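**Q** Take this structure, written in structure tokens, and hold onto it; I'll ask about it next.
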Amino acid sequence: MIVRVRTMADELPDRPRGRRRRRWLGLFRVSVGRQVSQLRRLPRQTAVTVSLVALTIALLVVVTGISAGLAADSTGTDEVDVRVMPEGGGTLSPIVDVETVRLGDVHEGIATIERRDGVAYATPVLTDVVRIRTGDDDEPETVLAMGVVPPDEPTAVEGVSTASLEPGDPQFANGSYDGPRTGEVVLTDTVAEEINASAGDELAVTSPTSGGAFQVGSDGRPSDYTVTSVDDTENNDLSGELPLVVLHLSELQSLTGADDGDLADQILVETESDASTAGAESAAAEAYPNATIQSGSESGFASIRSDELALATSLVAMVVATAICSLFVATSSALTVDRDRQAIAVLAAIGFSVRSRLAIVAITTLSLTLAGAVAGVALGVVGVSITNYAATATVAPGPIATLRPVMVPYAVGVALVAGILALPYPLSLVARTNVVAELGR
Numbered sequence: 155m156i157v158r159v160r161t162m163a164d165e166l167p168d169r170p171r172g173r174r175r176r177r178w179l180g181l182f183r184v185s186v187g188r189q190v191s192q193l194r195r196l197p198r199q200t201a202v203t204v205s206l207v208a209l210t211i212a213l214l215v216v217v218t219g220i221s222a223g224l225a226a227d228s229t230g231t232d233e234v235d236v237r238v239m240p241e242g243g244g245t246l247s248p249i250v251d252v253e254t255v256r257l258g259d260v261h262e263g264i265a266t267i268e269r270r271d272g273v274a275y276a277t278p279v280l281t282d283v284v285r286i287r288t289g290d291d292d293e294p295e296t297v298l299a300m301g302v303v304p305p306d307e308p309t310a311v312e313g314v315s316t317a318s319l320e321p322g323d324p325q326f327a328n329g330s331y332d333g334p335r336t337g338e339v340v341l342t343d344t345v346a347e348e349i350n351a352s353a354g355d356e357l358a359v360t361s362p363t364s365g366g367a368f369q370v371g372s373d374g375r376p377s378d379y380t381v382t383s384v385d386d387t388e389n390n391d392l393s394g395e396l397p398l399v400v401l402h403l404s405e406l407q408s409l410t411g412a413d414d415g416d417l418a419d420q421i422l423v424e425t426e427s428d429a430s431t432a433g434a435e436s437a438a439a440e441a442y443p444n445a446t447i448q449s450g451s452e453s454g455f456a457s458i459r460s461d462e463l464a465l466a467t468s469l470v471a472m473v474v475a476t477a478i479c480s481l482f483v484a485t486s487s488a489l490t491v492d493r494d495r496q497a498i499a500v501l502a503a504i505g506f507s508v509r510s511r512l513a514i515v516a517i518t519t520l521s522l523t524l525a526g527a528v529a530g531v532a533l534g535v536v537g538v539s540i541t542n543y544a545a546t547a548t549v550a551p552g553p554i555a556t557l558r559p560v561m562v563p564y565a566v567g568v569a570l571v572a573g574i575l576a577l578p579y580p581l582s583l584v585a586r587t588n589v590v591a592e593l594g595r
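Using the numbering used here, the letters of the sequence shown correspond one by one to residues 155 to 595.
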């Protein structure tokens, strides 16, 4: 029988690791003591450094929050769980390239998506410009029209309720476009005020592509519509600012020529309350493999990545915040090191190596930066609230900035990166400190 005897040699690999742990713990203690001493001796300089870092990070949080809000506005509100949009510039079937890239065969597409378990409804959305006028008004108004397929249960599409529209899309008639036309249209309050219309009024609708004359649609029938309701959209971020009308998809397609190919700009998918979006996303990918599929649960940063203006704004804010923070921290740390040259020389005299002295200064600098970052995040949250309050009280119909949990580690991470970039200058001063000369002073 072979018996393994544990010797002291077996414990040797663990000893350096334990020594390193104790060494770093000691360096942290010295760094904390040095930070407390600095706070007592130089309270104003420490407060100014932390405040400048905090203000910079707060501005970063506010600008990033506004960027996330802009990106969320550009992709719509979170009324739906999944959005299916054409890939920019793609022309592969069933995505058809017309004036802009649009989805094709959308009625068949939503049928495929709605067959998936967990999907409550799916509706295509077509947006185009139309001209409308009331029967006693000779001057038409140009407005934005949105064509949808209203689900059985009334819902809101881009802030406009479909409750007064007949469910389904009768005129589509399996692609023949010869079914009964409902002639229903919902006006936002903005449009109703412009044309002086109310529920029950008759409207004439035409497309500018028809030469401006109020003629029959492509289905050969008069383009007369009845206002079924006027929707109050004052508090909606998107529709509240636009002269918008809503009607059935096939009827708008017939007016604008989008019936050739059964086109729409996007498809909105709502899942059941207890279902995840995975099934809906999978069904959408099956129906439109070349399309962009966006989940409503995506974070603000996912929205930012899909919006060029928001992305550029957030990147500029990050670069500026990093540069300003690093300059503030580098200058403050260098001044502190210059004042503490004798203390650094004493550390060298009692046995602290150059690496240990550099580590102490680095830990002190980063802890100062971290304190400013935490304060900056708190100020940023307050700043976003103030920004939204000021915006809604003056020009905006709703909040323009949004806060996401991921912004906290993002802001702290930017501050720490700035602190790391600020280290070379103060560390070079520590490395060049003449111990003998400083002790002789």
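The beta carbon of each residue, even a glycine, is placed where N, CA and C say it ideally should be.
Source: prediction; values computed, not measured.
(1) Consult DSSP for GLU307 and reduce its assignment to one of helix, strand or coil.
(2) List, from N- to C-terminal side, the alpha helix (DSSP H) runs of 4 residues or more that fit wholly inside the region 481 to 549.
(3) Near SER486, what residues of its chain come up, given a Cβ to Cβ distance below 6 Å and the 5 sequence neighbours on each side ignored?
(4) Taking the C-alpha atoms as reference points, what is the distance between LEU557 and TYR543?
(5) Buried or exposed: where does GLU356 fall if 16 or more other Cβ atoms within 10 Å of its Cβ makes it buried?
(6) Below 6 Å CB to CB, which residues in the same chain sit around PRO304 once its five sequence neighbours on both sides are set aside?
(7) In angstroms with no decimal places, state the Cα-to-Cα distance between VAL238 and VAL260.
(8) Can you give the Cα-Cα distance for SER408 and ALA310, rounded to whole angstroms?
(9) Which one of ALA466, ALA555 and TYR331 has the shortest CA to CA distance from ALA412?
(10) Output yes or no for whether 8 Å exceeds the beta carbon distance between VAL279 and ALA418.
(11) In its own chain, which residues sit with a C-beta less than 7 Å from the C-beta of LEU206, not counting the 5 before and 5 after it?
(12) Quick one: using the 10 Å Cβ neighbour count with 16 as the cut-off for buried, is ILE504 buried or exposed?
(13) What does a CB cutoff of less than 8 Å around GLY374 pick up in its chain, not counting 5 residues either side in sequence?
(14) Looking at the structure shown, is PHE360 part of a helix, part of a strand, or coil, going by DSSP?
(15) Go through its chain and collect everything with a Cβ distance to VAL400's Cβ below 6 Å, but skip five positions before and after it.
(16) Smallest Cα separation from SER436: which of ALA208, PHE182, VAL190 and GLY272?
(17) Would you mind reading off the limits of the alpha helix (DSSP H) that contains VAL584?
(18) What separation, rounded to the nearest whole angstrom, lies between the Cα atoms of ASP428 and THR277?
(19) Kindly indicate which three-state DSSP category GLU241 falls into: helix, strand or coil?
(20) My assumption, with CB atoms under 8 Å, is that PRO397 sits in contact with GLU348. Please give the rounded CB distance.
(21) Taking ALA471 and VAL236 to be in contact with their CB atoms under 8 Å, please state how far apart those CB atoms are, rounded to whole angstroms.
(22) For the beta strand (DSSP E) holding ILE421, just list the boundary residues, first then last.
(23) In three-state DSSP terms, what is ARG335?
(24) When you compare only the Cα positions, how much space is there between VAL234 and TYR579?
(25) Any idea which residues DSSP pairs THR281 with across the strands?
(26) What number of angstroms, rounded off, separates the C-alpha of ILE267 from the C-alpha of GLU338?
(27) So, with DSSP's three-state summary, where would you put ILE220?
(28) Provide the residue(s) that pair with GLU295 in DSSP beta bridges, ordered along the chain.
(29) Using only alpha-carbon positions, find the residue among ASP492, ALA565, GLY415 and ILE498 that is nearest to ASN328.
(30) Residues in its own chain within less than 7 Å of ALA488 by CB, not counting five upstream and five downstream?
(31) Whole-angstrom Cβ separation of ALA565 and LEU214, contact assumed at under 8 Å?
(32) With DSSP as the reference, label LEU575 as helix, strand or coil.
**A** Taking the coordinates as given:
(1) If DSSP states are grouped into helix, strand and coil, GLU307 belongs with coil.
(2) Note on the region 481 to 549: whole alpha helix (DSSP H) runs with a minimum of 4 residues are 495 to 503 and 508 to 548, in chain order.
(3) Contacts found: THR203.
(4) The straight-line gap from Cα to Cα measures roughly 14 Å.
(5) Answer is exposed; the Cβ neighbour count stays below 16.
(6) THR316, LEU319 and PRO321.
(7) C-alpha separation (whole angstroms): 11 Å.
(8) Taking the straight line from one Cα to the other gives about 23 Å.
(9) Scanning ALA466, ALA555 and TYR331 for the CA closest to the CA of ALA412 turns up TYR331.
(10) A contact, by the Cβ cut-off of 8 Å.
(11) Non-local beta-carbon contacts of LEU206 in its own chain, meaning distances under 7 Å to residues more than five positions away in sequence, involve PHE482 in chain order.
(12) Looking at its Cβ environment, which holds fewer than 16 other Cβ atoms inside 10 Å, ILE504 is exposed.
(13) Any reading at GLY374 must be qualified, since the residue scores a pLDDT of 43, below 50, and its modelled position is unreliable; no value is offered.
(14) Residue 360 is actually Thr in this sequence, not Phe. Per DSSP, reduced to three states, the secondary structure at THR360 is strand.
(15) Within the same chain, VAL400 has close Cβ partners MET300, VAL314 and VAL340.
(16) Nearest C-alpha to SER436: GLY272.
(17) Element bounds for VAL584: 578 to 585.
(18) For ASP428 and THR277, the distance between alpha carbons rounds to 20 Å.
(19) Note: GLU241 maps to coil in three-state DSSP.
(20) In this structure PRO397 touches GLU348 by the C-beta definition: roughly 6 Å separates them, less than 8 Å.
(21) Not really, about 30 Å apart at Cβ, beyond 8 Å.
(22) Where ILE421 is concerned, the enclosing beta strand (DSSP E) stretches over 420 to 425.
(23) Reduced to three states, the DSSP call for ARG335 is coil.
(24) Those two C-alpha atoms are separated by around 51 Å.
(25) MET300.
(26) In a straight line, the C-alpha of ILE267 is about 26 Å away from that of GLU338.
(27) When DSSP states are grouped into helix, strand and coil, ILE220 belongs to the helix group.
(28) Assignment of beta-bridge partners to GLU295 by DSSP yields ILE286.
(29) Of the candidates ASP492, ALA565, GLY415 and ILE498, the one whose C-alpha sits nearest the C-alpha of ASN328 is GLY415.
(30) Hits under 7 Å: TYR579, PRO580 and LEU583.
(31) 6 Å between Cβ atoms; contact.
(32) It is helical.
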